[in-house]
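Student:
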Amino acid sequence: MSYLVVTSRCPISHEKIGGKETVKKNVGGVATALSSAMRQEGGTWVCWGDGNLDDKYPEEEYDGYKIVRVFMSPRERRGFYDDFANGTLWPLFHYFRDRIKNNPKGFSYYNQINNRFAEAIAEQIEPYQVLWVHDYQLTLLPKMLRKKGVDNFTIFTWHIPWVASEFYATLPKASEILEGITASDMITFHTDLYRKNFRESCESLIGNRHNIEEKLFTFSLGIDTTYYGSSRNQNQIIELKNNRKLIFSIDRLDYTKGLANRALAIESLLKRYPEDARKFSYVMIVTPSRSSVTEYINMRKDLEMTVGRINGMYSDLSWQPIIYMYRKVTDNNLMRYYRSADVGLITPLIDGLNLVSKEFVAATSKGVLILSRFAGSAYALEDALKVNPFDINEVADTIHHAMNMEEDEIFSRLRGMKETVETRDLKWWLNEIKRTATQRMNYLSGKIEP
Ligand code: GDG
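The sequence shown: position 110 = 243 (this note's numbering), numbered continuously.
The following block contains the structure:
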């Protein structure tokens, strides 16, 4: 099945760094998953060329498929990306009411850029290709393309939560966005809850005129377990002094990830269980994200003040509770942390799925997973220690419990979770989407009964 994939970010970008031209790989989970599909099936990937040298490469062949780049001016970037996609839709779909910006100009840029994507796709798409659109930045595309006469089978994959319909209805452009997405032939979500919320939003705002129910599917994105679970990648394990337990997390800098609450849970742990001091080190890696947005710059300052305050209170010459790093790490180093950690502390306030939790489960042979009950992955990872990330003392108690868990319990919890992650891996996800798309195409062309 040849795809024309559309995402906001590209799998690679061309950058001039320190006077030298380099190719930067996008490390996100979506990029990794789709790269694997494109390598296997071939096709075209349409995306936004945001690298500072990308304009030299409007089209290029890469890894067995073709990349086609769409460009925007700095003003369009602010309106489309900063204001509407990340200033309105992102907080709305994560229930952050107070952070939602309602700048009407933002939507007109969003509309304009979606239209630019639609033009590029209409030019590139071959009649036999399946169009596969991703995420909240590109909701208007499917309808725009239908209007341009593009009638290719279209899949829309939603990667973040879909909120309750009464909350969604507060978005000024709520109906237009639903009309945009529902022009697709198949729409996929990470959990049944998001799928249900989406259906209810459609019912209350646009009715059932697009046969919505039959288009909706839940396929929770999986990871490449042959990579994360492989002993070939067995690199050096990090050993902390005095048998200290290693608690680990890695997240993009984002208010949805619950970073400050997590640091406060470490403080609460030290208050509630003073005997745990010096028995652990918490390695908190935060990777830079949306660093042009003022809110994110301020969020970083606040987080660093909280971490600094806690370390200032509890550190001595030979120990500090939180080892904080604000940077990207290499794949190899990430794997070392996954394999070395005794506790994976993954406590977003809300998250569409959270691939890190699945990667940790696949890579570790001894770790305990503490997981927010508001991460989409919590539905599948039943044997994780589930916490409410807003309840800081509960998280602290759970960390204490995890550090003292008997090996038998650790292994039996891991066994169940590893089985889930291995059977519902990336290959499974890609195959399920392909199989369902084929079935629906046959149904729509009248070859099979519903
Ligand atoms: C969105 C939704 C949903 C991160 N830092 C480094 C690094 N990573 C890799 C991780 C993981 C991926 O990036 C992050 O994936 P998440 O799922 O945790 O989070 P989002 O970026 O917010 O993704 C989310 C996802 O889409 C997929 O649908 O799960 O809910 O918000 O793969 O390993 N990798 C390396 N160095 C880093 O510094 N090597």
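Glycine included, C-beta positions come from ideal geometry on N, C-alpha and C.
Can you give me the Cβ contacts of residue 252 inside the same chain, cut-off strictly under 6 Å, excluding the 5 residues immediately before and after it?
Tutor: none
Student: So, is residue 477 buried or exposed, given that buried needs 16 or more other C-beta atoms within 10 angstroms?
Tutor: buried
Student: Roughly how many whole angstroms lie between the Cα atoms of residue 575 and residue 176?
Tutor: 21 Å
Student: By a C-beta neighbour count over all protein chains shown, 10 Å radius and 16 as the cutoff for buried, is residue 239 buried or exposed?
Tutor: buried
Student: Give me the Cα-Cα distance between residue 429 and residue 572, rounded to the nearest whole angstrom.
Tutor: 43 Å
Student: Are residue 289 and residue 320 touching if we call contact CB-CB under 7 Å?
Tutor: Yes; because the gap between Cβ atoms is below 7 Å, this pair is in contact.
Student: Which residue wins for smallest C-alpha separation from residue 461, given the options 220, 564, 158?
Tutor: 158
Student: Between residue 415 and residue 455, which are expected to be in contact by the criterion C-beta below 8 Å, what is the C-beta distance as a whole number of angstroms?
Tutor: 5 Å
Student: Under 6 Å from any heavy atom of the ligand GDG, does the C-beta of residue 497 make it?
Tutor: no
Student: How would you label residue 208, buried or exposed, when you count the other beta carbons within 10 angstroms and need 16 or more for buried?
Tutor: exposed
Student: For the stretch 148-155 against the stretch 174-194, are there 3 or more C-beta pairs whose distance is under 8 Å?
Tutor: yes
Student: Can you tell me whether residue 568 is buried or exposed? The criterion is at least 16 other CB atoms within 10 Å of its CB, across all chains shown.
Tutor: exposed
Student: Taking 6 Å as the cut-off, is the C-beta of residue 484 nearer than that to any heavy atom in the ligand GDG?
Tutor: yes
Student: Fully enclosed by the stretch 417-487, which alpha helix (DSSP H) runs are 4 residues long or longer?
Tutor: 427-447, 464-473
Student: Compute every distance between the C-beta of residue 487 and the non-hydrogen atoms of the ligand GDG, then say whether any falls below 6 Å.
Tutor: yes
Student: Give the range of the alpha helix (DSSP H) segment to which residue 552 is assigned.
Tutor: 540-556
Student: Can you say whether residue 275 is buried or exposed, counting buried as having 16 or more other CB atoms within 10 angstroms of its CB?
Tutor: buried
Student: Please confirm whether residue 511 and residue 553 have their CB atoms less than 7 Å apart.
Tutor: no
Student: Does residue 180 get closer than 7 Å to chain D when you measure Cβ to Cβ?
Tutor: The chain labelled as chain D is not found in the depicted structure, where only one protein chain is given.
Student: Pick out the complete beta strand (DSSP E) segments inside the stretch 141-184, 3 residues or longer, and give them in chain order.
Tutor: As summarised for the stretch 141-184, the continuous beta strand (DSSP E) elements at least 3 residues long and confined to that stretch are 145-150, 153-158, 176-181, given in chain order.
Student: Where do the ends of the alpha helix (DSSP H) carrying residue 404 lie?
Tutor: 392-405
Student: Grouping DSSP H, G and I as helix and E and B as strand, with all else coil, what is residue 508?
Tutor: Taken through DSSP and simplified to helix, strand or coil, residue 508 comes out as strand.
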